[in-house]
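The numbering of the sequence shown is this note's numbering, which starts it at 6 and goes up by one. The beta-carbon is built from N, C-alpha and C at its ideal position, and this holds for glycine as well. Because the structure is a prediction, the values reported are computed rather than measured.
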Amino acid sequence: MYNKKISISCILLLVILNLVWVNPLFAVTTTQIDAVRNKEAIAESDITIIEDFINEAFNELLNKSDFSDIGALRNTIVSRSVASTSSGKILYDSKFLTAFQPKFSDALQKVSAITDINRKNILTTNLLILAYDMGKIEISKSALNYLQDENVMTRYWAANNFSSNALITALNAGSESDRKEIAGKILKAVQNEKLSDILTIYAQFASAIKDNAGNNILTSIAQKRIDLYLAWNVQDEMSEDTILKAMAERIKTDTDSTKIMGRYFSSLFSVVVQRYIQGQGTLKDTDKNELVTVIIQGDKYVQNFIPDWNGNFKRALDKDLSSLLAESNGLFGSAAGSGKMLTTLGFDYGKNPDGSAKTIPPTLAKPTALNK
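What follows is the structure, encoded as structure tokens:
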């Protein structure tokens with residue numbers, strides 16, 4: 006089972022260190038491309054230099070038997086993708102991108118045919134990191150084919166291509182078809198993804214994307230986490246901070262999502278509080294500390310839904326568990342009455358078997374044995 010204390014972030018650090026520990030003596034030459042980048046205007050002959058540089062860089066990347074300098078090679082490519090002069094950028098940047106795209110796609114195809122799994126994973130991961138570093142929609146769309154890859158590092162960097170604020174801004178300002186394609190494939194990936202480090206990337210994307218699929222992505226992620234809480238099978242509770250924040254920020258992107266975001270925000274926040282209260286005798290101190298952090302941070306996000314919310318969760322935590330439960334019941338609802346979130350926003354928690362509206366969030370059973 007995935008151990009939350011050894012997070013994907015730690016694995017990433019080790020992998021990146023291995024990939025970026027560089028041998029400076031790589032073969033690709035930069036003299037001519039640098040001369041073109043420094044020009045105020047580029048000529049037709051300069052386009053050939055750009056193409057030659059890209060061909061040489063990709064040929065070297067794909068033919069390495071020692072991958073220790075791949076990170077430096079990526080940096081060399083990215084740093085040469087933009088002109089050094091403001092006037093030169095008008096032509097240079099677009100010409101570089103035009104030459105880069107087919108070579109990048111060709112590289113991914115060649116790597117997909119490699120039978121050595123370790124080499125294939127390393128090269129695929131590096132190409133996806135390169136796509137992320139380029140920060141262009143046209144390039145990052147290639148990552149959509151790897152969102153459900155078996156290799157965790159490949160999946161992580163495929164997902165990470167859509168974490169950039171600049172890229173999301175470009176998507177929102179660009180074509181609706183691109184937004185729908187990317188959001189639709191991310192939604193499918195979410196349905197099969199289990200790692201919270203990757204789900205939080207998707208949550209941040211969904212929070213800001215101007216497409217209805219953003220709502221479905223967030224509610225799917227929230228429901229996955231709610232189900233884990235109900236089963237007492239949660240890993241890395243700190244993920245809830247990002248997910249709760251994403252739902253609270255979503256209503257700024259799509260005001261029509263306020264009710265549905267309010268419902269899932271309340272449901273997830275409520276089970277976080279319940280886990281802390283009921284798990285006092287079974288949870289480790291580190292788990293409790295993470296839950297406390299999420300509760301305090303989540304309290305701040307409530308203001309996105311209820312502007313006059315005065316945030317009493319920290320005070321309740323400092324006092325006792327009974328105060329915390331009362332604060333939670335007052336905000337999210339209990340058998341004694343509907344909570345402030347529900348009455349303010351006008352949502353419900355679903356339907357009872359008789360068709361009546363549920364006014365109480367999901368309830369955790371008492372823990373027996375924890376899957377930690």
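For Asp246, which residues in the same chain have their Cβ closer than 6 Å to its Cβ, ignoring the five residues on either side in sequence? As a first step, residue 246 is located in the sequence shown; it is residue number 241 there, counting from the start. Here the set comprises Val299, Gln302.
Can you round the beta-carbon distance between Tyr137 and Asn156 to whole angstroms, since I take them to be within the 8 Å contact cut? By 1-based counting over the sequence shown, the position of residue 137 is 132. By 1-based counting over the sequence shown, the position of residue 156 is 151. Contact doesn't hold; Cβ gap of about 16 Å is too wide.
Since Lys356 sits in a beta bridge, which residues does DSSP pair it with? Position 351 of the sequence shown, counted from the start, is the residue given in the question as residue 356. Answer is Ala362.
Contact set for Ala148: own chain, Cβ-Cβ below 6 Å, skip 5 residues either direction: By 1-based counting over the sequence shown, the position of residue 148 is 143. Taken in chain order, the residues that qualify are Leu133, Ala136, Ala163, Asn166.
Please name the residue in Gln153, Val41, Ile59 whose C-alpha comes closest to that of Pro107. Numbered from 1 along the sequence shown, position 102 holds the residue referred to as residue 107. Taking only the C-alpha atoms, the option nearest Pro107 is Ile59.
Should the stretch 278 to 290 be called in touch with the stretch 259 to 266, which here means at least 3 C-beta pairs below 8 Å? no
Determine the DSSP secondary structure at Gly284, reduced to helix, strand or coil. Taking the first residue of the sequence shown as position 1, residue 284 is located at position 279. Coil at Gly284, not helix or strand.
Beta-carbon gap between Leu369 and Leu235 smaller than 8 Å: Position 364 of the sequence shown, counted from the first residue, corresponds to residue 369. Position 230 of the sequence shown, counted from the first residue, corresponds to residue 235. Yes; because the gap between Cβ atoms is below 8 Å, this pair is in contact.
Quick check on Ile59 - is its C-beta less than 8 Å from some C-beta in chain C? Looking at the structure shown, chain C is missing, and only one protein chain is on hand.
Alpha carbons only, please: which of Tyr207, Ser271, Phe109 is nearest the one belonging to Lys141? As a working note, residue 141 is residue 136 in the sequence shown. Minimum Cα distance to Lys141 is reached at Phe109.
Looking only at its chain, what residues have a beta carbon closer than 7 Å to the beta carbon of Lys115, apart from the 5 residues adjacent to it on each side? For the purposes of this step, residue 115 is taken as residue 110 along the sequence shown, with counting starting at 1. For Lys115, where only same-chain residues beyond five positions count, the Cβ hits under 7 Å are Leu67.
Measure the Cβ-Cβ separation of Tyr269 and Met243 and say whether it is below 8 Å. Walking along the sequence shown from the start, residue 269 turns up at place 264. Walking along the sequence shown from the start, residue 243 turns up at place 238. No; because the gap between Cβ atoms is not below 8 Å, this pair is not in contact.
Rounding to the nearest angstrom, what Cα-Cα distance links Asn317 and Ala104 in this structure? By 1-based counting over the sequence shown, the position of residue 317 is 312. By 1-based counting over the sequence shown, the position of residue 104 is 99. Rounded to whole angstroms, Asn317 to Ala104 spans 57 Å at the Cα level.
In chain order, each alpha helix (DSSP H) run of at least 4 residues that lies wholly inside the stretch 22 to 108: 36 to 42, 49 to 68, 75 to 84
Count the other CB atoms, across all protein chains shown, that sit within 10 Å of the CB of Arg320; report buried if there are 16 or more and exposed otherwise. As a first step, residue 320 is located in the sequence shown; it is residue number 315 there, counting from the start. With fewer than 16 other Cβ atoms within 10 Å, it is exposed.
Quick check on Ser343: does DSSP put it in helix, strand or coil? Here residue 343 refers to the residue found at position 338 when the sequence shown is read from its first residue. The answer is strand: DSSP assigns Ser343 an E or B state.
Gly267 - DSSP class collapsed to helix/strand/coil: Within the sequence shown, numbered from 1, the residue matching residue 267 stands at position 262. Three-state result, Gly267: helix.
Closest by C-alpha distance to Leu102, when choosing among Ser145, Asn131, Ser225: Position 97 of the sequence shown, counted from the first residue, corresponds to residue 102. Out of Ser145, Asn131, Ser225, Ser145 has the C-alpha closest to the C-alpha of Leu102.
Which residue's Cα is closest to the Cα of Pro366: Leu273, Pro312, Thr120? Reading the sequence shown from its first residue, position 361 is the one you call residue 366. It is Leu273.
Check the C-beta distance from Lys100 over to Ile52 and give it rounded, since I have them as a contact under 8 Å. If you number the sequence shown from 1, residue 100 lands on position 95. If you number the sequence shown from 1, residue 52 lands on position 47. Indeed, because the Cβ distance is near 5 Å, the residues count as touching under 8 Å.
I need the boundaries of the alpha helix (DSSP H) containing Thr291, first residue and last residue. For the purposes of this step, residue 291 is identified with residue 286 of the sequence shown, where counting begins at 1. Here the alpha helix (DSSP H) through Thr291 covers 290 to 310.
By the three-class DSSP mapping on this structure, what secondary structure does Gly140 have? Counted from its first residue, the sequence shown places residue 140 at position 135. Reduced to three states, the DSSP call for Gly140 is coil.
For Trp314, I'd like the list of residues in its chain whose CB is within less than 7 Å of its CB, leaving aside the five on either flank, ordered along the chain. Counting from 1 along the sequence shown, the entry for residue 314 is found at position 309. Val307, Gln308, listed in sequence order.
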